[in-house]
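These notes are about the structure you will find just below.
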Amino acid sequence: MAYIDFLDINKSFGKNHVLRQINLTVEKGQLATLLGPSGCGKSTLLRCLAGLEDVSSGTILVDGEDITGKDPKDRNIGMVFQQYSLFPNMTVKDNIAFGLKLQKLPREVIEAKVSRVIDLVDLGGKEKEYPHALSGGQQQRVALARSLVMEPKVLLLDEPLSALDAKLRKSLQAEIKKIHNDTGITMIFVTHDQDEAMILSDVIHLFKDGRIEQSDVPTALYTQPRTRYAAEFIGHYNVLNKRDFDKMTGEEKQDEFPVDSSLSDTDGLEVQDRTSVAIRPETIEILQDDSPAYRFAPAADRYLLPATVVDSTLHGNVLRYTLDVQGVRLHADILFRSFTLYPAGHRLTLSVEKRNCLQIGE
Amino acid sequence: MKNRKSSRLTAAVLSAYLLLPLLMTLLYSVFSKWNDILPEGFTLRYYAELFSDKSFGASVIRTVLISILPILFTSLAILLTMYVVILYLPGLEKYIRILCTIPYAIQGVILAVSVLALYSNAPGLLSDRTLLLTGTYCVAILPYMYQGIHSSLLSVNAPRLIEAAQMLGAGRLYAFFRVVVPNILSGVVISAMLSASIIFGDFIIANTLGGNYFETAQIYLYQTLFESGQRTSAVIMVLFLVTLLISTIAFSLKKKERRQE
Amino acid sequence: MKTRKYPFPALLPFLILVGLFELLPLVMVVFRSFMPENGIGLTMTHYVHIFTTRLYQQAVLNSILVSSVSSVIGIAAAYFGAKAVHEGGPHLQHFFKTILSLTSNFAGIPLAFAYIILLGKVGVLVLWGKKFGIDALANFNLYSVWGLMIIYVYFQIPLATLLLIPSFDAIRKEWKECVSLLGGSSFIFWTKVGLPALRPAIFGTVSVLFANALAAYATAYALLQNNFSLIPIRLSEQFVGDITQHKEFGSALAVVLMVLMVASILMNDAILKKGPLLLSSPIGKKEEKT
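Chain order of the listed sequences is A, B and C.
All residue numbers for the first sequence refer to the working numbering, where the first residue is 637 and numbers rise by one.
All residue numbers for the second sequence refer to the working numbering, where the first residue is 28 and numbers rise by one.
All residue numbers for the third sequence refer to the working numbering, where the first residue is 277 and numbers rise by one.
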């Protein structure tokens, strides 16, 4: 049963149609991520759920209740912002206790709740500090604590880690994951960073221009992107025109791939140009000179492609080759285990399993 | 390329130039005669006379009162307006800014005579000189109060603070007045101090609208100008010290604010 | 969807204030300037009178003259003062800035009086001049346009310097290092790089100074009462004092003064649009001078 339901949500700012017919559900206890580039509407949807923006049309249900049009303060939803937005004139403790004091709870209850949540976010000892004396990571943890102590139905996080440096971001990602596991609270996370989405989410909703392009579990989104946009956003896919792909594999005829009839050329473009093939760089195998001979034998389940090395770059422990196959450029990623680094111009053979060549729509 | 020497010289020359009239006034107020190169007859009697003059004390009190009221009213008016702008009508911002910048172009004598011409024969309350004086001062300090409040709101990122407070259960009014305003208070006070020194130093508005009805310290000063030179310098020094006090408070508040950042 | 009620009552204090004491007087002044004395209708006689009568021509010319000259001298002094702050050590900066803030409040009647003590008929410096045979001092006439100018320069300098100092902060030492590496001297740096970069700030400050001087009343009034023709003096005369009121004519004078003030701000904007957008205009920074 869906815990949060977005039904036919549309939102416009003047002439700018930011959200188009969004239908989205979030299950209870899930950590769902809204992923997409700047301006795609993901933050707007979050803010509509929070009540900080009104929807132009549509309904939002939380736990079966229609909250469309309710004031933010009546929605029992927590939110963590990119710029933390801690109250500068209050200590950490007062910041966290703010919402509880508004509910006029007895002092002992507030004290107990506050100290419990301070332990949860690992801020013991910092109760009396003011925000300006804390680091970025600490401030964000106060923001988390401040929202969590209210025990909201949902916790919204609007790019909360974008203002932090890479190392800090990694450690806070782990903390958020841990908090999610400990509390089981439903969370909706907004980010433009696909790595972050992959690490944290139970479900990823990929946004494009105000619409949802694909909703899937991270591994499914990663290994089976359905469109060119998704393939280019998630991971480092090689995305080729069908025409280029056929040229590369020497298959001028479309025998292996029955063409999807829904992609018939209604607007003059040949099917060849509108279908794409996506190949993940790590699925391209480079056959070493000393590989057993049978590996170089043609087989039904894979392509053997003669290639020339154009360039190579080292990304941490992954070696990425840029290769030229019959005039088509491909990236191949291999774990940098051996000491061999093929120079530009070197000829080698690539092996790509056919099932790793995904046919995708536009 | 730090030429310490030449910059020291420039600063020294300019400082001497700027301090000279001030110094002279101070000396003039404590000596009874200055007919030759050097003054003679050190005395504090001019200050004594001044402090025993009831009308001086009264004029200072009037000036203090006429500074407090406009500051309070203008701050409140601007805060309430910014509440509406931030929470409901952000598009209104640029019009408010224009309205708060116009007083620059009509400062001093223009504002004074415009108000006088319009309301001096008005019916009822509107022709009361004290009211006119207060209202005119409210408008005169509008640019400074607005600038201070506006930049404070910007630096504290008021819209985000209000959103955060709302998500924690606060209503709009509470969020603005109990969360945002306490955080911009030091900025407001600094602008208030600046406005106070402006009102304290104003002559034209006070003279045009207050005149005989409401004698401020500057009006008292002007009258003393033609009576006694030494007395005048004493008044000037006292008023200067008051303004100095106000500026010092503002300055120390600014320092405290900066230390918190 | 819920319709939200806007709390319009919250806008009332501001609107009443601005309406009653800013907009209404402003509009009335403009209208009155086109109305004949004791009558109804539209007329330009007041404006014609201003620009054809010697008394008021003098006022306009004197105002423009005193304001522009004092602004130019003020900005020149301020340039060197701000440069000194920029190049000096922290002690100098603190000391000098304190003095500037201190003396920026010293204007109007107190300032006029201080200069009377110094350079008036029996001013201290005049007495010294007589005693030591310095004719320039001995024969100095404070009660003239030049005397007024000197006083105006005094209150322009602290304001101008304080407005200019932040702009000097934007001059990066990397630029100076670049010039030096390319073989240029300090003079070359300031004339070819520094001053051009400061141009918007300098022009912005000049227009603030100009407006400041145009509107000044108390200083001139304390020194020369109604004996010297300046627009603010003549303007105030039409409404307050022994002579009968000339509201309509006074309104025209007010409009002329306003136009001059606005013109200087507009000129500043025009110059800023043409010049490099490197350093910001200080018009909004006037309140930071404390």
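Don't be surprised by glycine CBs; every beta carbon is placed ideally from N, CA and C.
Model, not experiment: these values are computed from the prediction.
Once you ignore the five residues that flank leucine 119(B) on each side, which residues in its own chain have a CB closer than 6 Å to its CB?
Numbered from 1 along the second sequence, position 92 holds the residue referred to as residue 119(B). Correct list, in chain order: Val112.
Who are the Cβ neighbours of tyrosine 164(B) in its own chain at under 7 Å, not counting the five residues just before and after it?
Your numbering for residue 164(B) matches position 137 in the second sequence. Excluding sequence neighbours, tyrosine 164(B) sits near Ile93, Pro97, Ile226, Ile232.
Please list the residues of the stretch 172-201 of chain B that have a C-beta atom closer than 7 Å to any C-beta atom in chain A, keeping them in chain order.
Against chain A - using a Cβ distance shorter than 7 Å - the residues of the stretch 172-201 of chain B are Val183, Asn184, Arg187, Leu188, Glu190, Ala191, Gln193, Met194, Leu195, Gly196, Ala197, Gly198.
Distance, Cα to Cα, valine 400(C) vs isoleucine 64(B)?
In the third sequence, residue 400(C) corresponds to position 124, counting from 1. In the second sequence, residue 64(B) corresponds to position 37, counting from 1. Rounded to whole angstroms, valine 400(C) to isoleucine 64(B) spans 7 Å at the Cα level.
When we look at the beta-carbon of arginine 777(A) and count the other beta-carbons within 10 Å, is it buried (16 or more) or exposed?
For the purposes of this step, residue 777(A) is taken as residue 141 along the first sequence, with counting starting at 1. The residue is buried, with at least 16 neighbouring Cβ atoms inside 10 Å.
In terms of residues, what are the limits of the beta strand (DSSP E) holding glutamine 657(A)?
In the first sequence, the residue the question calls residue 657(A) occupies position 21. Residues 652-663.
Work out the CA separation of lysine 647(A) and alanine 277(B) for me, nearest whole Å.
Mapped onto the second sequence, residue 277(B) falls at position 250. Mapped onto the first sequence, residue 647(A) falls at position 11. Going by the C-alpha atoms only, they are around 46 Å apart.
By the DSSP assignment, the beta strand (DSSP E) with lysine 844(A) in it spans what residues?
Within the first sequence, residue 844(A) is the residue found at index 208, counting from 1. Segment 839-844, the beta strand (DSSP E) holding lysine 844(A).
Please state if the CB of phenylalanine 881(A) and the CB of valine 913(A) are separated by a distance shorter than 8 Å.
The sequence position of residue 913(A) within the first sequence is 277, counting from 1. The sequence position of residue 881(A) within the first sequence is 245, counting from 1. Contact flag set, yes.
Taking any Cβ of chain C, which residues in the stretch 116-137 of chain B have a Cβ under 8 Å from it, in chain order?
Listed by position along the chain: Leu116, Ile123, Leu126, Ile129, Pro130, Tyr131, Ala132, Ile133, Gln134, Gly135, Val136, Ile137.
Between which two residues does the beta strand (DSSP E) carrying leucine 984(A) extend?
Residue numbering aside, residue 984(A) sits at position 348 when the first sequence is read from its first letter. Element bounds for leucine 984(A): 983-989.
Measuring alpha carbon to alpha carbon, tell me which residue in Val206(B), Ser102(B), Thr161(B), Asn148(B) is nearest cysteine 127(B).
Within the second sequence, numbered from 1, the residue matching residue 127(B) stands at position 100. Here the closest residue by C-alpha is Ser102(B).
Identify, in the order they occur along the chain, each residue of the same chain with its Cβ nearer than 7 Å to the Cβ of glutamate 989(A), setting aside the five sequence neighbours on each side.
On the first sequence, residue 989(A) is found 353 positions in, with the first residue counted as 1. So the list reads Thr919, Asp937, Arg938, once near-sequence residues are dropped.
Whole angstroms is fine: what's the gap from asparagine 343(C)'s alpha carbon to alanine 352(C)'s?
Taking the third sequence and counting its residues from 1, the one referred to as residue 343(C) is at position 67. Taking the third sequence and counting its residues from 1, the one referred to as residue 352(C) is at position 76. First, the amino acid is wrong: residue 343(C) is serine here, not asparagine. About 14 Å.
Grouping DSSP H, G and I as helix and E and B as strand, with all else coil, what is glutamate 811(A)?
If you number the first sequence from 1, residue 811(A) lands on position 175. DSSP places glutamate 811(A) in helix when its eight states are reduced to three.
So the beta strand (DSSP E) alanine 968(A) belongs to, where does it begin and stop?
In the first sequence, the residue the question calls residue 968(A) occupies position 332. Where alanine 968(A) is concerned, the enclosing beta strand (DSSP E) stretches over 964-971.
Taking all protein chains shown into account, decide if proline 508(C) is buried (16 or more other Cβ within 10 angstroms of its Cβ) or exposed.
As a position in the third sequence, residue 508(C) is number 232, starting the count at 1. It counts as buried.
When burial is assigned at 16 or more other CB atoms within 10 Å of the CB, is alanine 85(B) buried or exposed?
Numbered from its first residue, the second sequence carries residue 85(B) at position 58. Exposed, by the Cβ-count rule.
Could you say if the stretch 47-59 of chain B and the stretch 251-270 of chain B meet the contact criterion of at least three C-beta pairs nearer than 8 Å?
With a cut-off of 8 Å, the stretch 251-270 of chain B and the stretch 47-59 of chain B count as touching, because enough Cβ pairs lie within range.
Under 8 Å between the Cβ atoms of lysine 878(A) and threonine 911(A)?
Against the first sequence, residue 878(A) aligns to sequence position 242. Against the first sequence, residue 911(A) aligns to sequence position 275. For lysine 878(A) and threonine 911(A), yes; Cβs fall inside 8 Å.
Below 7 Å CB to CB, which residues in the same chain sit around alanine 43(B) once its five sequence neighbours on both sides are set aside?
On the second sequence, residue 43(B) is found 16 positions in, with the first residue counted as 1. Around alanine 43(B): no qualifying Cβ.
Note the first and the last residue of the continuous beta strand (DSSP E) segment covering alanine 935(A).
Against the first sequence, residue 935(A) aligns to sequence position 299. Neither: alanine 935(A) is in no beta strand (DSSP E) and is coded neither H nor E.
Name the chain B residues that come within less than 9 Å of glutamine 739(A), Cβ to Cβ?
Counting from 1 along the first sequence, the entry for residue 739(A) is found at position 103. Correct list: Gly196.
Which class does lysine 15(B) belong to by DSSP, given the choice of helix, strand or coil?
This structure cannot settle anything about residue 15(B), because the visible part of chain B is limited to 28 through 288.
In the DSSP assignment, the beta strand (DSSP E) including valine 826(A) goes from what residue to what residue?
Here residue 826(A) refers to the residue found at position 190 when the first sequence is read from its first residue. Unbroken beta strand (DSSP E) run through valine 826(A): 822-827.
Inspect the beta-carbon positions of phenylalanine 307(C) and threonine 319(C) and report whether they are closer than 8 Å.
On the third sequence, residue 307(C) is found 31 positions in, with the first residue counted as 1. On the third sequence, residue 319(C) is found 43 positions in, with the first residue counted as 1. Against a cut-off of 8 Å, the Cβ pair of threonine 319(C) and phenylalanine 307(C) comes out as no contact.
Tell whether a beta-carbon distance below 8 Å holds between isoleucine 176(B) and isoleucine 123(B).
Here residue 176(B) corresponds to residue number 149 of the second sequence, with the count starting at 1. Here residue 123(B) corresponds to residue number 96 of the second sequence, with the count starting at 1. It is not a contact, given that the beta carbons lie outside the stated cut-off.
Would histidine 816(A) be called buried (16 or more neighbouring beta carbons within 10 Å of its own) or exposed?
Here residue 816(A) refers to the residue found at position 180 when the first sequence is read from its first residue. Buried, by the Cβ-count rule.
Here's a check: name, in chain order, each residue in its chain whose Cβ is nearer than 6 Å to the Cβ of asparagine 338(C), leaving out the five neighbours to either side.
Within the third sequence, numbered from 1, the residue matching residue 338(C) stands at position 62. Same-chain partners within the cutoff: Ser505, Leu506.
Checking the sheet assignment: what are the DSSP bridge partners for lysine 647(A)?
Within the first sequence, the letter at position 11 stands for residue 647(A). Looking at the DSSP assignment, lysine 647(A) forms a beta bridge with Leu655(A).
Less than 8 Å between the CB atoms is what I'm expecting for valine 429(C) and serine 483(C), so what's the real figure, rounded?
Reading the third sequence from its first residue, position 153 is the one you call residue 429(C). Reading the third sequence from its first residue, position 207 is the one you call residue 483(C). With a Cβ gap of about 17 Å, valine 429(C) and serine 483(C) do not count as contacting.
Answer with yes or no whether the minimum CB distance from asparagine 210(B) to chain A is below 8 Å.
The residue given as residue 210(B) occupies position 183 in the second sequence. Cβ-Cβ to chain A under 8 Å: yes for asparagine 210(B).
Do the stretch 945-955 of chain A and the stretch 975-983 of chain A meet, that is, are 3 or more Cβ pairs less than 8 Å apart?
Taking 8 Å as the limit for Cβ pairs, the verdict is that the stretch 975-983 of chain A does touch the stretch 945-955 of chain A.
So, is the C-beta of asparagine 725(A) closer than 8 Å to a C-beta in chain B?
Taking the first residue of the first sequence as 1, we reach residue 725(A) at position 89. Answer yes: the Cβ-Cβ gap between asparagine 725(A) and chain B drops below 8 Å somewhere.
Using a Cβ-Cβ distance under 8 Å, would glycine 650(A) count as near chain B?
Reading the first sequence from its first residue, position 14 is the one you call residue 650(A). By this cut-off, glycine 650(A) is not an interface position.
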